[in-house]
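Colleague: Following this message is one structure expressed as structure tokens.
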Amino acid sequence: NPKADPNPGMGDAMERMDMVEYWCFNGKTFPATDPIRVKNGDLVRIRFANISHMSHPIHLHGHWFRWIAQDGAPLPDPRPMNTIPVDPGRTIDIDFIANNPGVWPLHCHIVSHMMDNHDAMSGLVTAIVYEGFTLPSAMQAQT
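Quick note on my numbering: the sequence shown kicks off at 3 and runs consecutively.
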């Protein structure tokens, strides 16, 4: 009978627990995600569909949005928010007026869902990019 190791260490367990490649927008993980391109004054509607087993608090920088529908059913009283919980198996629809020109991150607020081993941005991250602005090189996929 093998004896239990009193100090087994982590080995590659942390590597296997890193699921950042599974967190994606439209089937892509950052930095390969496609930014959402808008013009100043646009009404922007976004649907988040969570097919994972975890909730994702999605946060938009630089804007307030309205939570307008859940699972396709309109909500009677949309409220301004900048972070929305997208629970497993749910779809959430939001809208906002594009009125703050620039480049604004849109991402999950759980660090391990948007960082590669807490080193670099990866996973569930994209950006809202206004006409006339370009994505910073740090946010572009390296080819």
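Positions of the beta carbon are idealized from the N, C-alpha and C atoms, including for glycine.
1) Relative to the C-alpha of Gly-29, which candidate in Asp-89, Pro-59, Leu-137, Thr-128 has its C-alpha closest?
2) My assumption, with CB atoms under 8 Å, is that Thr-93 sits in contact with Arg-49. Please give the rounded CB distance.
3) Taking Pro-103 as the reference, give the member of Ser-54, Ser-57, Thr-35, Thr-136 with the closest Cα.
4) Considering only C-alpha positions, which residue in the set His-63, Gly-74, Val-88 is nearest to Ala-100?
5) From which residue to which residue does the beta strand (DSSP E) around His-65 run?
6) Straight-line CA distance for Asn-9 to Leu-108?
7) Which residues mark the beginning and the end of the beta strand (DSSP E) in which Ala-51 is found?
Modeller: On the basis of the data shown:
1) Translated into the one-based positions of the sequence shown, residue 29 becomes position 27. The shortest Cα separation from Gly-29 among Asp-89, Pro-59, Leu-137, Thr-128 belongs to Thr-128.
2) Residue 93 sits at position 91 when you count from the first residue of the sequence shown. Residue 49 sits at position 47 when you count from the first residue of the sequence shown. Between Arg-49 and Thr-93 the Cβ distance is about 6 Å, and since that is below 8 Å, they are a contact.
3) Sequence index remark: in the sequence shown, residue 103 carries index 101 (1-based). It is Thr-136.
4) Indexing the sequence shown from 1 puts residue 100 at position 98. Minimum Cα distance to Ala-100 is reached at His-63.
5) Start at 1 with the first residue of the sequence shown, and residue 65 comes out as number 63. Note, His-65: premise wrong, no beta strand (DSSP E); not H, not E.
6) On the sequence shown, residue 9 is found 7 positions in, with the first residue counted as 1. On the sequence shown, residue 108 is found 106 positions in, with the first residue counted as 1. Low confidence applies to Asn-9: its pLDDT is 49, below 50, so where it sits in the model is not reliable, and the reading given next is rough at best. Answer to the nearest angstrom: the Cα atoms are 41 Å apart.
7) Within the sequence shown, the letter at position 49 stands for residue 51. It spans 45-51 - the beta strand (DSSP E) in which Ala-51 sits, taken as one unbroken run.
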